[in-house]
Structure formats: structure tokens, C-alpha cells
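Colleague: Just so we're on the same page, the working numbering is the position in the sequence shown counted from 1, plus 50.
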Amino acid sequence: MLYSLIKPILFQLAPESAHDLTIQMANLCPTLGSLTGIPTNPLLGLKVGSVDWKFPMGLAAGLDKNAEALEFFNAQGFGAIECGTITLKAQEGNPKPRIFRYPEEKSLRNSMGFPNQGLLSIMPRLKRYEGSSPLGVNFGKNKDTTPEESIEELSIIFDTLSHEADYFVINVSSPNTPGLRALQDRSYLSELFSELKKEANGPDLYLKLSPDLSSEKIIDLLHLAREHRLTGIIATNTVIMPERGVGGVSGPIIREKSREIRRIILKEKADLEFIAVGGFTHPQDVMELWKDGGKAFQVYTSYVYQGPKLLQDFYKTLLDFITVQKISLNDFFHLSLEERQYRLKDFSP
Ligand SMILES: Cc1cc2nc3c(=O)[nH]c(=O)nc-3n(C[C@H](O)[C@H](O)[C@H](O)COP(=O)(O)O)c2cc1C
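#1: Just verifying my parser: in three-state terms, what is the DSSP assignment at N287?
#2: Here's the rule I'm using: 16 or more other beta-carbon atoms within 10 Å means buried, otherwise exposed. How should A326 be labelled?
#3: Excluding five sequence neighbours on each side, which residues of the same chain lie with their C-beta closer than 7 Å to the C-beta of P302?
#4: Go ahead and label K177 buried or exposed: buried means 16 or more other beta carbons lie within 10 angstroms of its beta carbon, across all protein chains shown.
#5: Express the C-alpha separation of E338 and V187 in angstroms, rounding to a whole number.
#6: Residues bridged to A346 by DSSP?
#7: For a quick check, are the C-beta atoms of M162 and N116 less than 9 Å apart?
#8: Tell whether a beta-carbon distance below 9 Å holds between Y217 and L246.
#9: Exposed or buried, L63, counting other C-beta atoms within 10 Å across all chains shown (16 or more means buried)?
#10: Considering only the alpha carbon of each residue, which of F164, F189, R159 and S182 lies closest to M173?
#11: So, for S378: in the same chain, excluding its five sequence neighbours on each side, which residues have a beta-carbon less than 7 Å away from its beta-carbon?
#12: Below 8 Å CB to CB, which residues in the same chain sit around E66 once its five sequence neighbours on both sides are set aside?
#13: Which residues in the same chain as F122 place their Cβ atom closer than 8 Å to its Cβ, once the five residues preceding and following it in sequence are excluded?
#14: Please name the residue, chosen from Y392, G298 and I284, that lies closest to R313 on a Cα-to-Cα basis.
#15: Check each candidate in T137, M107, K193 and S237 and name the one with the smallest Cα separation from N144.
#16: Which residue comes first and which comes last in the alpha helix (DSSP H) that contains F122?
#17: Which residue marks the beginning of the beta strand (DSSP E) containing D102, and which one marks its end?
#18: Quickly, what does DSSP pair L158 with across the bridge? List them, please.
#19: So, for H278: in the same chain, excluding its five sequence neighbours on each side, which residues have a beta-carbon less than 6 Å away from its beta-carbon?
#20: Are I311 and T286 closer than 9 Å when you measure CB to CB?
#21: Give the range of the alpha helix (DSSP H) segment to which F364 is assigned.
#22: May I have the straight-line CA-CA distance separating S205 from S398, to the nearest angstrom?
#23: Among all the DSSP beta bridges, which residues are the ones paired with K97?
#24: Here's the rule: buried if 16 or more other CB atoms are within 10 angstroms of the residue's CB, otherwise exposed. What is E323?
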């Protein structure tokens with residue numbers, strides 16, 4: 051209700067101004083988050099890696115880049131909040147405009163290039179955060195850092211923040227930092243994983259993948275992640291569509307592409323945890339994900355278009371599902387895939 055009043059005003063503004071204004075409001079008034087948020091229901095909590103999410107829908111990276119509105123997103127009821135992408139030094143990102151709307155398709159394109167305030171400015175906010183939604187930190191290299199230097203840079207961020215968040219995500223899959231996606235190379239990642247995983251009992255660590263990789267490459271990276279004892283994979287980042295312009299596209303436009311990649315990953319799985327992202331819009335999308343063998347998921351673009359109603363709609367459907375099934379989500383995910391598919395077969399949101 052509140053968002054349907056504010057949205058027409060926000061959508062009159064340039065997309066990045068609307069975004070900045072929303073983050074400022076959310077920062078100043080976290081209680082607005084609980085007014086429109088969903089309740090915490092223990093039956094809808096689930097274990098993701100070693101972390102207890104309070105709802106299967108998490109907030110994807112990029113919306114709260116500087117961890118400025120964590121309390122607001124916690125009050126909204128997100129299962130987990132992923133801030134960042136954070137880099138070691140503050141950086142401006144690419145020239146504006148760098149976020150574009152496709153209102154008819156309820157989608158976005160962005161070429162942000164990791165604008166953020168840098169590790170040392172962001173860290174105090176992570177330290178202060180006391181919410182019940184677990185915190186993820188998505189981190190990447192500064193634009194001017196060479197691949198060789200980036201291993202040390204990424205390991206400084208990881209070591210410095212390792213007690214300040216519940217899980218970490220290596221982002222080498224953004225299309226907006228020149229040469230970044232080249233770091234999805236096996237030998238580079240092998241060296242990086244060895245460095246980050248030198249402590250046996252470190253925090254959960256994920257690799258976020260681009261949807262623009264071949265299936266052979268994806269499978270190879272899954273096995274590499276497994277060999278290095280990463281917790282899991284997050285997929286996907288935005289999709290490159292040169293016909294639409296620079297940057298990466300997100301939202302319903304990429305739903306099918308993202309799903310195709312996720313199915314390759316879920317089929318191979320390789321004993322890794324998996325967090326889905328890309329195009330989640332309607333509760334039916336979660337049912338599809340669960341039929342494919344997935345579990346937790348994140349949203350960005352559909353939250354921009356639908357606001358808190360997105361959480362409310364998914365909450366209602368997932369609550370209906372577990373009520374009909376007389377099972378908690380954690381127990382549901384302990385069932386075999388065949389059993390889960392069977393229980394999902396006749397359920398339509
Ligand atoms: C404006 C914008 C900025 C983003 N910034 C980041 C980022 O900094 N780091 C990252 O890993 N993903 C970033 N993403 C990608 C999202 O986390 C997500 O992977 C992608 O948008 C697909 O999900 P969606 O269809 O729900 O938006 C960004 C997406 C958008 C739209």
C-alpha cells in the first residue's frame with residue numbers, strides 16, 4: 051500500500067536517484083520496514099550452508115552496496131541480506147547514467163562498476179548490525195587492480211570482515227568491471243580459493259557465477275569450488291545483451307536464461323550449497339526452483355518493481371504450501387528430491 055503511493059514518485063526520478071533516495075529513507079526510518087514487512091515464522095526458516103535463514107528469499111547484492119539500510123531490510127523480513135559488492139578502496143564506479151529501466155518488462159539494465167565507500171567505511175555498519183536476518187558480504191576487486199594484485203586485495207577484505215558477516219561471496223561475474231569476468235578462469239580461481247580457504251574453519255564462502263558461461267565451464271568451476279571446500283555457488287549475475295546496450299540485464303527478461311544455468315548447476319550439484327538468483331518475480335518461480343532441486347533464492351529487480359508486496363505474496367504462498375503439506379521448510383528440504391517433487395506436483399500458488 052505504502053509503496054504503491056511512493057512508487058509513481060520514485061519512477062519519475064532517474065533510476066539511480068530513485069535508488070539513492072530509497073536507501074536514504076530506509077536508513078533514516080528502519081521502522082517503515084516493519085510496517086510493510088512480513089513476520090518471522092520459524093516454520094519458514096531454513097538452513098543454507100551453515101547459516102539459518104529466516105525465510106527462503108534473500109536480498110541480492112547491489113541494492114544495499116554500502117550496508118546503509120540493513121535494519122530496514124531486516125525489518126522487511128528478508129531471509130538474509132547480502133550487501134556489497136564491497137571493494138578494498140572506495141571507488142566511484144562507471145559514469146552515469148548507469149541504471150536503465152524497462153518498465154513494460156519490469157526489468158533493469160545496469161553498468162554500475164562497483165561504486166562503493168570501501169572496506170573501512172562500511173565495516174563499522176556491519177559491526178553495529180544486530181538484526182535477525184543473517185548478513186552476507188559480496189566482495190570484489192577495485193577497478194585498477196591487476197589480477198595478480200587482486201588475490202591479496204580480496205584476501206584482505208575477507209580476513210578483515212570474517213567475523214562481521216555470516217557468509218561471503220566472491221564476485222568475479224559482474225559484466226561492468228573491465229576484465230573481471232576473465233577472472234572466472236580456473237587457474238586464477240584456484241589460486242584465489244587456496245588463499246581464502248587457508249583457515250579450515252572460516253565463514254561460509256560462495257562463488258557468484260555469470261549466466262554467460264558455457265555449461266562445460268560452469269561444471270568445471272563447480273568441481274573446482276568443491277575441491278577447494280567452498281560452501282557453494284550463487285547464480286546468476288546479470289545477463290549481457292549487447293543489443294540493449296552496455297552492462298547487464300536483470301529481472302523477468304533473464305528468468306529463462308538464469309533458470310537454464312541453475313538447472314545445469316543443480317543437476318551437477320557436486321555436493322555444494324546453492325543460492326538461486328535472477329528473474330524471481332512470482333511465487334510460481336520458487337515452486338519451479340524447488341522442483342529443479344533448489345532451495346534458497348534472492349531478489350533484486352522484482353523488489354524494485356513490486357516493493358514489499360513481493361515479500362508478502364511469496365510469504366503467503368509459502369505459508370500455504372507448508373500448511374497444506376504439514377511440514378516445516380527445513381524438514382521439507384530433508385526429503386529426497388523425488389518426494390519434494392511429488393509434494394510440489396499438485397500445488398499451484
Ligand atoms: C542496479 C543493480 C546493481 C547490481 N549490483 C550488483 C553488485 O554490486 N554485486 C553483485 O554481485 N550483483 C549485483 N547485481 C546483480 C544482482 O545481485 C542479481 O544477481 C541480478 O540482478 C539478478 O537478479 P534479479 O533478476 O532478481 O535482479 C546488481 C543488479 C542490479 C539491477
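Virtual Cβ for every residue (Gly too), placed ideally from N, Cα, C.
Because the structure is a prediction, the values reported are computed rather than measured.
Modeller: So, from the listed chains and residues:
#1: coil
#2: buried
#3: E155, K156, S157, G329 and T331
#4: exposed
#5: 27 Å
#6: I325
#7: no
#8: no
#9: exposed
#10: F189
#11: L93 and I372
#12: K146, P147, R148 and I149
#13: A76, N77, C79, P80, L82 and G83
#14: I284
#15: K193
#16: L120 to Q126
#17: V101 to W103
#18: R151 and S300
#19: F243 and K247
#20: yes
#21: P358 to Q375
#22: 45 Å
#23: D102
#24: buried
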